Amino acid sequence: MAAIEAVDLTKRYGDLRAVDGVSLDVAEGEFVGILGPNGAGKTTTLEMIEGLREPDEGSVRLLGEAVWPRNQALLPRIGVQLQASAFFERLTAREQLRTFAALYSVPKANAVADEWLERVGLADKADTRVEDLSGGQAQRLSIACALVHDPEVLFLDEPTAALDPQARRNLWDLLSGLNDSGRTVVLTTHYMDEAEILCDRVAIIDAGRILQVDTPAALIRNLDAPARVIVGPGQLTLEEAQAFEHVQEVAESPDGIVLTTRAPAPVIGRLAEGGHLDGVQVKTGTLEDVFLDLTGREYRA
1 MAAIEAVDLT KRYGDLRAVD GVSLDVAEGE FVGILGPNGA GKTTTLEMIE GLREPDEGSV
61 RLLGEAVWPR NQALLPRIGV QLQASAFFER LTAREQLRTF AALYSVPKAN AVADEWLERV
121 GLADKADTRV EDLSGGQAQR LSIACALVHD PEVLFLDEPT AALDPQARRN LWDLLSGLND
181 SGRTVVLTTH YMDEAEILCD RVAIIDAGRI LQVDTPAALI RNLDAPARVI VGPGQLTLEE
241 AQAFEHVQEV AESPDGIVLT TRAPAPVIGR LAEGGHLDGV QVKTGTLEDV FLDLTGREYR
301 A
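As numbered in my numbering, residues 1 to 301 make up the sequence shown, in order.
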């Protein structure tokens, strides 16, 4: 059974079509990322799927049930972490999480809440009031609140936006473990490496429409982007590199000479013949290349 079936979702604000006919299926146990520039419609799409915002057109089925009219039976089965966290005032991190666990009637709520504080790295901040937490700490507490009742489907809206590199990696491990245990996870993110590492599939959305949906590997492969062969400093002169066959472009960088090619194998073979392989790097296309190819490179405020 599909965990999520969204069909032709549309949301208008005046003359603006924030979401314009989005359809997306997510299988049970799948990890799906929604990528897009600022204002592309990612959050609005996610909120309609979660049941937080009613679509003007289209329908959503979540775990086999209709989301609208507002379906109270679905709420204990999903976990939602929003971009902006709103906590109960004047509670400590422990009290906050225990309150969420109690509201969901979690068995042994206090023990479960304390376990989640440990899992998101906030055990040492258990007695700190939520208003005194840093932005990254508040983000981790928000994620714990979304998980404390053990939901079947987890929605995360830019979950690592305020986290430092260690906390990001820790959360990646946590989310991968949850997904491996059978939970369905849907997230929005601006981090292409995050989507490439975590997601089974990604949907790239812009101007309220889904442009492509596929595995990260398939999207990169279909882009057919040239490879960049980087030769370390002192290994090769610019003139020598320009004489190579199968090379479309040669440039200098702080890392050395960069050769852009669609045939990296013969280029590397030529480098090997000349004894220039020391420190050579080969960089192929990335999900970021796919993203920019589909959505453009102009700045989005």
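Even for Gly, the Cβ is constructed at its ideal location relative to N, Cα and C. This structure is a prediction, so every number in the text was calculated from the model and none was measured.
The Cβ-Cβ distance between Ala-146 and Ala-93 does not fall below 7 Å.
Annotation for Val-290: the continuous alpha helix (DSSP H) segment containing it runs 287-295. Taking Gly-256 as the centre and dropping the five residues before and after it, the same chain places the C-beta of Ile-230, Val-231, Gly-232, Pro-233 and Gln-235 closer than 7 Å to its C-beta, in chain order. Burial check for Thr-261: the Cβ neighbour count within 10 Å reaches 16 or more, so the residue is buried.
CA-CA distance, Gly-136 to Ala-251, rounds to 39 Å. Distance from the CA atom of Ser-85 to the CA atom of Val-112, rounded to whole angstroms, is 21 Å.
Distances from the CA of Leu-156 to each of Arg-183, Glu-131, Thr-295 and Ala-101 were compared; the closest alpha carbon is that of Arg-183.
Close CB contacts of Trp-116 within its chain, under the 7 Å cut and outside five residues either way in sequence, are with Leu-97, Ala-144, Leu-147 and Val-148 (chain order). Residue environment analysis places Phe-88 among the exposed positions, since fewer than 16 neighbouring C-beta atoms fall within 10 angstroms of its C-beta. Positions of the alpha helix (DSSP H) runs, each at least 4 residues long and wholly inside the stretch 9-71, are given as 42-50 in order along the chain. Beta bridge pairing from DSSP links Glu-252 with Ile-257. Between the alpha carbons of Arg-61 and Val-280 lies a distance of about 50 Å. Residue pairing of Lys-125 in beta bridges, as defined by DSSP: absent, with no partner found. Assigned with DSSP and collapsed to three states, Leu-277 falls in coil, not helix or strand. Across the structure, Leu-133 and Leu-271 are spaced so that their CA atoms are roughly 53 Å apart.
In this structure the stretch 97-108 does not touch the stretch 156-165; the number of beta carbon pairs closer than 8 Å is below three.
Put simply, the backbone Cα of Leu-174 is about 8 Å away from that of Arg-119. In this chain, the beta strand (DSSP E) harbouring Val-231 covers 227-231. Straight through space, the alpha carbons of Glu-5 and Thr-45 are spaced by roughly 12 Å.
If you look at Arg-209, you'll find it in the beta strand (DSSP E) that goes 209-214.
For Ala-27, the number of other beta carbons within 10 angstroms of its own is below 16, and it is reported as exposed. Secondary structure note for Leu-156: it is in no alpha helix (DSSP H), and the uninterrupted beta strand (DSSP E) holding it is 153-157. Non-local C-beta neighbours of Val-247 in its own chain, meaning closer than 6 Å and more than five positions away in sequence, comprise Leu-259 and Thr-261, ordered along the chain.
DSSP lists Gly-33 and Asp-214 as the beta-bridge partner residues of Val-202. At a Cβ-Cβ threshold of 7 Å, Val-32 and Arg-201 count as neighbours. DSSP links Gln-235 through a beta bridge to no other residue. Within the model, the alpha-carbon separation for Asp-150 versus Leu-16 is close to 37 Å.
Around the beta carbon of Thr-188, 16 or more other beta carbons lie within 10 angstroms, which makes this residue buried. Straight across, the Cα-Cα distance linking Thr-237 with Gly-79 is about 56 Å.
Only residues of its own chain outside the window of five on either side were considered, and among them Ile-230 have a CB closer than 8 Å to the CB of Ser-253, listed in chain order.
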